[in-house]
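Visitor:
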Amino acid sequence: MIEQANFSLQKVINKLLEITTKEKDIDTFLTKSLDIIVDEIELLGFLNKGIIFLKRNNEFMKVIAHKNIDEAVLQECGNIRKKDCVCGKALCSITHQFKKDVEKIQDNKVILTEKNICSFPINYKDNCYGVLTLYLKDELYYYETTVNEITSICNTIGLVIHEKRMQRYADFVKNKLDVSYGDQYFKHLANFFIEEFKMKYCFIGTYGNSLEQISSIVFMDNHKQLDNIICDIENSPSGVLLRDHFSMFPKNVQTIFPDDIELKKYDIQSYVGILLHNENKIPVGAIVLMHDRTIDEEEQEDMKQVLSIFTPRLRGECERKLYENNLFIEQEKYKNIIEELQDVFIRTKITDDGNEIIEASPSAFKFSGYKSEDLIGKSPEVFYFDLNQRKEFYQKLFEEKVVHNFPLTFLKKNQDLIHAKVNAQLISDKNGVPTEIRLFGRDITESINEEIRKEIAYVVAKKSQRRTIDINTISEYLYKMLGRVTNVSNFYISFFDEVEKTIFFPVHADGENNKIEFEVEKEFNFNGFFEHIISCKSSIIQNEGELHELISRNRLKVHRTVPKSLVSFPIRNEGKVVGALTVMSYTTSKTICNSDLELLEFVSTQLSMIVEREQWQKSLVEKEKYFRTLVESSHEVIGIVDVNGIMQYISESVKSILGYNSYEMIGKSFVDFVPEYYIQQVKQNFYKTTHRIRNNNSDTVKVINKDGETRIINFTLNNQLTNNVVQGIVFNAQDITEKHYAQKKLEASKAKLVEQEKNYRNIFNNSNDGIVLFDENFKIIDVNKRMTAISGFTKSELLESSILETLQYNENNETIKEIRKLDGINKKSVIVEKIIPHKENKIFYCKVFIKKILESENEQGYFIAFITDITKSNEAIQKAIDLENALHYTTNVIYVDLAGKIMNVSENVSKKSGYSKKELIDASTKIFNSNFHPKEFFTEMWNTILKGDVWSGEVRNKRKDGTIYWIYSTIIPIRDIYNKVSYFINVQQDITEVKQVKLNRIRDVIDAQEKEKENFAKELHDGLGQILLASKMNLSSLQEDMEKLDEPILDVYNNSMKLLTASIQEARNVSHGLMTRVLAQFGLAQAIDDAINNVNMLDKSLVFTFKHNIEGVRFEGEQEKALYRVIQELITNILKHSKANKASINLNLDNNLLHIKVKDNGVGLFKNLKNNGSKGIGLKNIETRLDYLSGTFKINEKVKNGTEVSIIVPVSFFDK
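Each residue of the sequence shown is one higher than the last, beginning at 404 in the numbering used here.
Printed below as a string of structure tokens:
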């Protein structure tokens, strides 16, 4: 199911992205998208039907596309209100909604039946555009992965809708608005609104200063421009607009505003308007859309949202238009003023030493700042600002004698510039020598400045609309242009970077330090002067005193002289203040004139527009990059192969899957990238594909990536046909390796879960303990069979009760309080012993174990109680206690823990060992070790009892005073209620005397055997041996006579002599083996070495070796003799039974333990024992002697060929 779903997802998204580039219209795109989705969703478990709704406003949705939907459903859902149904809930919650079996009955008829409806929101980020509603098949297992797949499809549709809307608006801005200025801009925008909203009229206008009238900039009627109009706003929709900022009258607008003559003139029935205001929230204009019919009120939100996209620049354009109109008004005003002013009159005398003013009219004071009497006697040359201009003026005057309206620039007394137009006449004497200049001048400074301001405003507005303009370029331009009309020696444009915590200055003109910088970055200071100007978020126009108060009130740090005056206007980005345009003066506190203030404010709004444009363009680029990345970095690969399987094209995304660049694969056969064992099958499938006309099947294939790893690829194929002949194959592929193996793991996990559920039920129902599940209110929710047996109540009776009744607890019981504290993490369980009453009044002693079971995300699920019947266990424990007490006072008993530490001892143990009870408790059992037994002895003992088995055996212990005593020890493991060994009881019996009697008896038997062997050896040597020797001598005397006999008789004679010689040697060997003279004289090592040498001499087919570390070591006499006899018996067994060709004896003395190992490579002693069914006399003699020596005897049963015998004997050394 998961693989099919993934395949369907990649195929659907692929097709959606394909039609995205073809269909620009959103409704068409959605209709075709729905066709694609419902054709594929059967793989996901859906029916072949569905609906797409789009949100119309905050209340309603509308059907945009549908497929295979009944007409009754379409009538019901044609235009539905949100939250009324599962589809509306999906839109509101922006999460998928699921609902089963919905039926509506009307007039006793079922008019609508919906089964398993699932609605998915179509959204992009936080903006939900609509809903996709699908129909699940009956009895569908509701996979979470299915929901994720459809959600991915809806997110893709939402992204496409958003991008199509943004792209459409961006194309309009790029192709129309960005290349339009002035009235052309307003006309293009009005036509766009009419087309976008299907309205008849579009009116864009500006409010007058009194806010009593609104004047149209452009007025369009179905793309036809009407004459501009001026409307009174009183008792009109435009007046409501001033109050509400947005107003909509979908119908009967003339009825609502009967006094509005313009509504009647154009037969307007519906009205939509949005207010435009500047940074200071002062209304500057409005956009109005009107129609001669009723409009759909549901379109209000869409209209409002789209209009808001264009309002930033539109607001700026309206401001520029207002400012331009104001400039015309100001120009007319100053023209009248200038005409009313009295011209200044100056007479200048021309002398050989230079020119000298000899007369000046009183109006000179207003013109230059000098009184007329101050000018008399001064040279006029010092007042000229531009020397080239002066030179040109004099040249023209001396040539033409009279000059009219010549422009000159002068310096006033306060060093301000004066722009003037002058009429001048050159006066000469009767000889024609120039003697005097008469000049009439008119101050046109303000008129010139207004022209410059107008030029600046127009150029700035035009530049701000260019897409390529940036804030640094326009800032430098503004600095240079504004310097022509106002003092910009201290001029700053600043921006605050919230991320880097710095202030960026595109222009930083510091007149105090005579320093001008461009594109400067300075560290941000939270209580700095410039930082405060930016954070004020409003205009600032203050003098020196007001600035001192501002600095003191806000505790600002100022590292420079406080200016005498300051003007600052905020620069905004989407309503948020991000910077400021600031002009300061350190020389005068005179406030900048109103015209310059208006210009600076206008410039700040244009800078705001540029900042917003840069941000908008940056955002648009990022969104385009995101969309492009979504397509290009997809884990899906698109490619084309020709009919020979050669790659013609493959998308770049192949690198993320196979590690190859696309150019590395193009031109190669696709079989070059599949495993060798897979090639033949792939070729056969490809042949079938190229010979099918229609081919849209899907399959999986194994592919080798660049690193040599095998990847599993899911693909779909679509044939490219020309005249029904396959020309190539388009494939879509997706790497599903991880998902493939995850699916297998999931299936295995499901099987495991099913098995675990079975096992759980089996354990639950067949547990030896009673099990009760109960909720946080202590209500029993399940019990097993054992619990019904313990309580005597049926399961249904227990399910109607609570755990409190079962355990007979009340709410305030301490145990109940402890249960309430269980959280599964810090406190996990509660264990108590409780008498549980039986239904038939029987008494049961029970151990109750209660644990909290947590659901997902550590949320409490339920409690589980395991109730163990310990009635019989308590009775057994009581009996054990009684037995323990009896043993404690009647015999030797030691209680030992699992670590070998003594827990308790009886009084008899203390008496027997000589240790006090206090000395023994907590001591190790090694306190009794006499170092007699080997480590293997105790290892075997501990292995036995730790497994839970009883161990018994003889142990030689040592008392506190060092004396030795023997005990027969029986160690019994004691188990707890969980059947685990918890400690040991060591019951001991003193067998020292019995042991001594047994050893004496064995010694007597061995002594008797040794004495008998010595007597027999002596008789054999002295009796039979002598007789055999005499017989050989007699026969030898006949040798000469026997040689004369026939050959057959001679052969009998020689054979008899050989037999007689062998008999004599055998008698000697037997006698020597029975006698122990070498042992008595030289010790065990020499005696064994002598015996092995005899064996090697007699039997050449057997090689016997002997190694030891007891050279010169003598053991106590009886021990040495017994050890020799044991080894002698083993040698005899090897000679008689083993059929070996190699044998060895190894003796290793380790402290007081002698380790003996005898090995051969024969048929094996252990096999002979199994075949014979019993031990021979020799082995019994060995065991008897080792028993006497307190040694151990072990035959290694794991040896496959031959025999290996290990003997360990504690030894005592001979005291010389």
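Virtual Cβ for every residue (Gly too), placed ideally from N, Cα, C.
Could you tell me how far apart the beta carbons of G1195 and E1243 are, in whole angstroms, since I believe they sit closer than 8 angstroms?
Guide: So it is a contact: roughly 6 angstroms between Cβ atoms.
Visitor: Starting from N526, trace the alpha helix (DSSP H) in both directions and tell me its first and last residue.
Guide: Here N526 belongs to no alpha helix (DSSP H); instead the beta strand (DSSP E) covers I520 to Y527.
Visitor: Could you tell me the alpha carbon to alpha carbon distance between I1139 and I1041, rounded to whole angstroms?
Guide: Near 15 angstroms, if we compare the C-alpha coordinates of I1041 and I1139.
Visitor: Closest by CA to E853, which one among S998, D1502, T536 and K1071?
Guide: It is S998 whose Cα lies nearest to the Cα of E853.
Visitor: Do the segment 1072-1087 and the segment 1151-1168 make contact, defined as three or more Cβ pairs closer than 8 angstroms?
Guide: At 8 angstroms Cβ cutoff, the stretches do not touch.
Visitor: With DSSP as the reference, please indicate the residues paired to T1356 in a beta bridge.
Guide: The sequence shown places Gly at residue 1356, not Thr. Paired residues: S1372.
Visitor: Please classify H962 as buried or exposed, where buried requires at least 16 other C-beta atoms within 10 Å of its C-beta.
Guide: Exposed, since its Cβ has fewer than 16 Cβ neighbours within 10 Å.
Visitor: Could you check whether E1521 and S1615 sit closer than 7 angstroms to each other, using their CB atoms as the reference points?
Guide: No. Outside cutoff.
Visitor: So, are the CB atoms of A573 and L644 less than 7 angstroms apart?
Guide: Against a cut-off of 7 angstroms, the Cβ pair of L644 and A573 comes out as no contact.
Visitor: Is I1060 near Y1052, with beta carbons less than 7 angstroms apart?
Guide: Against a cut-off of 7 angstroms, the Cβ pair of Y1052 and I1060 comes out as no contact.
Visitor: State the beta-bridge partners of I1183 as determined by DSSP.
Guide: Beta-bridge pairing links I1183 to F1177.
Visitor: If distances are taken between C-alpha atoms only, which option among E759, V691, L679 and M706 comes closest to C721?
Guide: It is L679.
Visitor: Is it the case that the Cβ atoms of I1559 and I1610 are separated by a distance below 7 angstroms?
Guide: Yes, the Cβ-Cβ distance between I1559 and I1610 is below 7 angstroms.
Visitor: Could you pull out every residue in the same chain whose Cβ sits closer than 8 angstroms to the Cβ of S1205, ignoring the five residues on either side in sequence?
Guide: Taken in chain order, the residues that qualify are F1177, N1180, F1181, K1182 and I1183.
Visitor: If I'm right that I1537 touches A1543 with Cβ under 8 angstroms, what's the distance once you round it to whole angstroms?
Guide: 6 angstroms between Cβ atoms; contact.
Visitor: Looking only at its chain, what residues have a beta carbon closer than 6 angstroms to the beta carbon of F770, apart from the 5 residues adjacent to it on each side?
Guide: Contacts found: V747 and D846.
Visitor: Roughly how far, in whole angstroms, is the beta-carbon of I444 from the beta-carbon of L535, given that I think they are within contact range, below 8 angstroms?
Guide: Not a contact, Cβ separation roughly 10 angstroms.
Visitor: Using the Cβ count rule (16 or more neighbours within 10 Å means buried), how would you classify N1604?
Guide: N1604 is exposed by the Cβ-count criterion.
Visitor: Is the CB of N1599 under 7 angstroms away from at least one CB in chain D?
Guide: Among the chains of the structure shown, chain D does not appear; only one protein chain is present.
Visitor: For G772, which residues in the same chain have their Cβ closer than 7 angstroms to its Cβ, ignoring the five residues on either side in sequence?
Guide: For G772, where only same-chain residues beyond five positions count, the Cβ hits under 7 angstroms are K815, K816 and N817.
Visitor: Express the C-alpha separation of S831 and I761 in angstroms, rounding to a whole number.
Guide: Each residue's Cα considered, the two are about 16 angstroms apart.
Visitor: Is it the case that the Cβ atoms of N1165 and N1187 are separated by a distance below 7 angstroms?
Guide: No, the Cβ-Cβ distance between N1165 and N1187 is not below 7 angstroms.
Visitor: If contact is defined by three or more beta carbon pairs under 8 angstroms, each pair taking one atom from either stretch, is the segment 492-502 in contact with the segment 426-445?
Guide: No, the segment 426-445 does not touch the segment 492-502.
Visitor: My output table needs one value for Y383: the three-state DSSP class, helix, strand or coil.
Guide: Any answer about residue 383 is impossible in this case: the structure gives the chain only from 404 up to 1619.
Visitor: Taking 6 angstroms as the limit between beta carbons, can you name the residues of its chain near F589, skipping five residues before and five after?
Guide: Within the same chain, F589 has close Cβ partners I607, I620 and V621.
Visitor: I564: which of N1389, K1282, K724 and S436 sits nearest, CA to CA?
Guide: Selected option, being the one with the closest Cα: S436.
Visitor: Is it buried or exposed, S1007, if we count other Cβ atoms within 10 angstroms and call 16 or more buried?
Guide: The residue in question, S1007, is buried, as its Cβ has 16 or more Cβ neighbours within 10 Å.
Visitor: Which one or two residues does DSSP pair with H499 in a beta bridge?
Guide: Paired residues: none, contrary to the question.
Visitor: In terms of residues, what are the limits of the alpha helix (DSSP H) holding R1164?
Guide: Taken as a continuous stretch (DSSP letters only), the alpha helix (DSSP H) holding R1164 covers T1140 to N1169.
Visitor: Go ahead and pull the three-state DSSP assignment for L1323.
Guide: Looking at L1323 - three-state DSSP - the assignment turns out to be helix.
Visitor: Kindly list the residues whose CB is nearer than 6 angstroms to the CB of D663, restricted to its own chain and excluding five residues on each side of it in sequence; keep chain order.
Guide: Closer than 6 angstroms at Cβ, skipping near neighbours: S639.
Visitor: May I ask which residues mark the beginning and end of the beta strand (DSSP E) holding V910?
Guide: Its beta strand (DSSP E) spans residues T905 to D913.
Visitor: Comparing alpha-carbon positions, which option in E903, E1141, V1233 and S1593 lies nearest P1337?
Guide: Cα-wise, what sits closest to P1337 is S1593.
Visitor: Can you tell which of L420, V1077, A1525 and L666 has the C-alpha that lies nearest to the C-alpha of V1104?
Guide: It is V1077.
Visitor: Less than 7 angstroms separating the beta-carbons of I617 and C634?
Guide: Closer than 7 angstroms, so yes.
Visitor: Excluding sequence positions up to five away, which residues of its chain have a Cβ less than 7 angstroms from the Cβ of S1333?
Guide: Only R1359, N1360, K1361 and I1367 meet the Cβ criterion.
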